[in-house]
Amino acid sequence: MANIAKTSLALCGIMLFSACAHQQPSSGRDAKIEARIDSLLNQMTLEEKIGQMNQISSFGGSIDEMHDLIVKGEVGSILNEVDAKRINQLQKIAVEESRLGIPLLLARDVIHGFKTIFPIPIGQAATFDTTIAYSGARIAAVEATSCGVRWTFSPMLDISRDPRWGRLAEGYGEDPYLASVMGAATVRGYQSNKLSDPTAMAACAKHFVGYGAAEGGRDYNSTEITERKLRNVYLPSFKAAAEAGSASFMTSFNDNDGVPSTGNSFILKQVLRNEWNYDGFVVTDWNSSGEMVVHGFCADNYEVAVKSVNAGVDMEMVGYSFVKELPEAVKRGDVSIDAINNAVRNILRIKFKLGLFEHPYTDEDLASSTLYAESHLQSAKDAATKAAILLKNDGILPLSDNVKSVAIIGPMADAQHDQMGTWVFDGEKEHTVTPLAAIKELVGNNVSVSYEAGLAYSRDNSKEGISKAISAARKADVILAFVGEESILSGEAHCLANIGLQGAQSELIDALAQIGKPLVLVVIAGRPLTIGSEVEKANAVLFNFHPGTMGGPAIADLLWGKAVPSGKLPMTFPKYVGQVPIYYAHNNTGRPVEGNEVLIDNIPVEAGQTSLGCRSFYLDAGWEPLFPFGYGLSYTTFEYSDIAIDKTEYGKSDVIKVSYKLTNTGNYDATEVAQLYVRDKVGTVTRPVKELKRFERISLKAGESKELSFELPVSDLAFWNIDMKYVVEPGDFDLWVAGNSQSGTPLTFSVK
Ligand code: GLC
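Next up, the structure:
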């Protein structure tokens, strides 16, 4: 049957191509694929076309229930099937029993690993290493495609500056440049060199767009982002994904300025298609189409289908309004057949590029030799090692040979499930190596290891276990306290108004601190936390955004100096949640702060009415964050010197050559993330006080110096200005090369 279907398709291709040669491939399109699309389109009924625009979710449901829908050609894609045998069964129905044999596109949320779980994306961002993003995505794709999954809903590219928002865990933090380069590398990792590679998995840039600016840091909430802010802050990471060839985009749940993304033709047509010339396909988020009725943007599902397709959506995830309403909408002329054809063309283009028509089935024996491969686990450990951020260290780390006993305390020391982090559907906790297990393995009989959880889980308010923890801690040379967040406390819909340590964790730390022994805090969480008081009580703090399957061995190596921390914060840590939103690339305002004084306790009683402080700050919190973007310590120290630029005045087509010397002035071979920031001092609109423009991981032996440089095209200083034009404006600029966003001394140059 399959051969007949294919042969007829091939013949039609030859006969019909001339009949529909009007569809000229746009630049970069494959003429052969476009011809095959035209040929298929010419055979499809309206219902079959609309069926390609319909995605259903399986969650392992009955194949019989899906059988008739697939045979009818009512389903173009299925998500949440991950068993190779079942996927082949579903695919066989589509290819061999439906009229035209169009293969299904099988999808899954493979967000930071499939079986081998990598650090959550915000943790990967902390590595400031695009090779980590690429290799993690490549391994995820190899594992997922071995089970028949060929489309993932990743990377998530939403810029977020609000640690209350649970989904920051899935993104790359607050900075557009960091998110752009990490996201593009992730797309390339998933999609390999070409989509027809059987280990290639189509990427999906999500959630388009502005989702991370949800008011109040509350998921799904409205956003009010101006066009200029969209273009300067929230769109760049998506543009980078489009340029990296992301096969698909997903619309976001939020309404921006009153328009839900799923019905927003400005972003889906004007920006994505007309300006970026994008030719992948656009899928809604989970019934984000139908939710436009709840938003009050559509009166009913008929309007949902009309507004979605006319705005530029190609495929509907589980909402079913397309199947039910589009035939009538086309009949009434509310949706043109051209719009339907374009949507189906975009979808079929990716199916052809994936090679699904030639190779619709999966080798069912492949998974067993692929999942959790040793090289995958090693790569996951490497990622977790580079993702760890040393926030404080009075010298207790790395633990020396003098340490003969450690007490491992806390709810996150042996949390196999929670260590993997949010959005883990397929990783199995049994494969997670926790810090407790890894430390025992690492130290063997050289160090006595005692363990008391103290609390059963991160939200545990019971203090019953604290006394046993204290007893164990008293007997040890060093206390290693593992605290943080269960994985369920971040991710979709999991926002927090209080971003301190949950449960009785702070009380546990307080009790441990009172023992007077060296106290090392190892935090494992899904977001920045307001842990200032806990940091004060500790001798050292190592922060890990949920590090995944191999987080334990990574942390053990770092604590004992087998590896040296190199992670940097991809997001600002506030002192108090009341400071949010707080981020480094803020505008200067007319009343910028000098210093960081907290005035509240110095105000005389009955103080006369004055604009006390006269600055944009908080009387009770000063100004500065707990830890700034780009911050992270090492076991060594680094010195930046001889920072210079090759000219003081540049033309718009020039390249700025920035040279600097970096010296490892300490006693450990280590890696520094050198960061290049620029400030446009005067613009036709106000500009951020700093913007990250480049970074590089530099490894130096103890005592070693290197002469290094960045090259920055002046064109990279462009922004969307008062006229909504993307231009470099002449004027003066400041430039920093430093180890975080708050240090360094600026050099000044001008652009003429
Ligand atoms: C969810 C998420 C989206 C995910 C999709 C499919 O609601 O918003 O990120 O890819 O549904 O699971």
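Under this note's numbering, the residues of the sequence shown are numbered 212 to 963, in order. All residues carry an ideal CB built from backbone N, CA and C; glycine is no exception.
Sequence-distant residues of its chain with Cβ nearer than 6 Å to residue i (five each side left out)
i           : result
residue 976 : In this structure the chain extends from 212 to 963, so residue 976 is not present and cannot be described.
residue 954 : none
residue 859 : 960
residue 895 : 932, 933
residue 863 : 925, 939
residue 260 : 551, 555
Pairwise C-alpha distance: residue j and residue i
i           : j           : result
residue 323 : residue 490 : 26 Å
residue 482 : residue 508 : 21 Å
residue 371 : residue 384 : 6 Å
residue 227 : residue 250 : For residue 227, the pLDDT reaches just 38, beneath the cut-off of 50, and the residue's location in the model is therefore unreliable, leaving the point undetermined.
residue 257 : residue 538 : 7 Å
residue 693 : residue 853 : 41 Å
residue 811 : residue 695 : 30 Å
residue 697 : residue 427 : 22 Å
residue 581 : residue 412 : 15 Å
residue 803 : residue 790 : 15 Å
residue 429 : residue 378 : 10 Å
residue 865 : residue 939 : 12 Å
residue 270 : residue 285 : 18 Å
residue 869 : residue 912 : 23 Å
residue 518 : residue 560 : 23 Å
residue 898 : residue 948 : 19 Å
residue 906 : residue 808 : 31 Å
residue 399 : residue 801 : 43 Å
residue 336 : residue 740 : 17 Å
residue 957 : residue 840 : 17 Å
residue 405 : residue 585 : 25 Å
residue 213 : residue 312 : Interpretation of residue 213 is limited by its pLDDT of 37, a score under 50 that renders its predicted location unreliable; no figure is taken from the coordinates.
residue 289 : residue 564 : 18 Å
residue 950 : residue 848 : 10 Å
residue 403 : residue 410 : 7 Å
Bridge-paired residues (DSSP) for residue i
i           : result
residue 902 : 889
residue 793 : Bridge partners of residue 793: none, in fact.
residue 620 : 663, 692
residue 307 : According to DSSP, residue 307 bridges with nothing at all.
residue 266 : 288, 528
residue 603 : 752
residue 871 : 919
residue 415 : 459
residue 345 : For residue 345, which the question treats as bridged, DSSP gives no partner whatsoever.
residue 735 : 695, 755
residue 856 : 869
residue 547 : Residue 547 pairs with nothing; no bridge assigned.
residue 946 : 889, 958
residue 910 : 882
residue 466 : 471
residue 319 : 363
residue 850 : 874
Cutoff 7 Å; reference residue i; Cβ partners in own chain excluding five residues on either side
i           : result
residue 583 : 326, 327, 642
residue 166 : Past the boundaries of the shown model lies residue 166; the chain is included only from 212 to 963, so the question cannot be answered.
residue 232 : With a pLDDT of 38 at residue 232, under the threshold of 50, the modelled position of this residue cannot be trusted; read the value that follows with caution. Excluding sequence neighbours, residue 232 sits near nothing in its chain.
Sequence-distant residues of its chain with Cβ nearer than 8 Å to residue i (five each side left out)
i           : result
residue 944 : 889, 890, 891, 892, 928, 959, 960, 961, 962
residue 836 : 783, 784, 785, 786, 790, 793
residue 300 : 274
residue 845 : 601, 775, 776, 777, 877, 879, 881, 882, 883
residue 298 : 292, 317, 358, 359, 360, 573
Pocket of the ligand GLC (residues with CB nearer than 5 Å to any heavy atom), chain order: Chain-ordered list of matching residues: 320, 364, 496, 497.
At least three beta-carbon pairs within less than 8 Å, the segment 268-283 to the segment 561-572: Under the 8 Å Cβ criterion, the segment 268-283 does not count as touching the segment 561-572, having fewer than three qualifying pairs.
Cβ pair count under 8 Å reaching 3, the segment 702-715 against the segment 591-608: Too few Cβ pairs lie closer than 8 Å, so no.
Segment contact flag, the segment 616-636 with the segment 661-680, C-beta cutoff 8 Å, min 3 pairs: Contact holds: three or more Cβ-Cβ distances are below 8 Å.
Touch test, the segment 607-614 against the segment 672-679, Cβ-Cβ under 8 Å, three pairs minimum: Counting C-beta pairs with one atom in each stretch, the segment 607-614 and the segment 672-679 have fewer than three that are closer than 8 Å, which means they do not touch.
Inter-stretch contact (C-beta, 8 Å, three-pair minimum) for the segment 781-801 and the segment 341-361: With a cut-off of 8 Å, the segment 341-361 and the segment 781-801 do not count as touching, because too few Cβ pairs lie within range.
The segment 914-925 touching the segment 746-762, judged by at least three CB pairs closer than 8 Å: Touching, no.
Validate contact between the segment 395-413 and the segment 639-657 using beta carbons, cut 8 Å, 3 pairs: By the Cβ rule, the segment 395-413 does not count as touching the segment 639-657, because fewer than three pairs are nearer than 8 Å.
Sufficient close CB pairs (3 or more, under 8 Å) joining the segment 361-375 to the segment 402-416: Contact holds: three or more Cβ-Cβ distances are below 8 Å.
Cβ contact check for the segment 491-508 and the segment 520-531: 3 or more pairs under 8 Å: Short answer: they touch.
Meets three-Cβ-pair contact criterion under 8 Å: the segment 772-779 and the segment 879-889: Yes, since at least three Cβ pairs between the segment 772-779 and the segment 879-889 fall closer than 8 Å, the two stretches touch.
The segment 352-361 contacting the segment 310-320, beta-carbon criterion three pairs below 8 Å: Touching, per the Cβ criterion.
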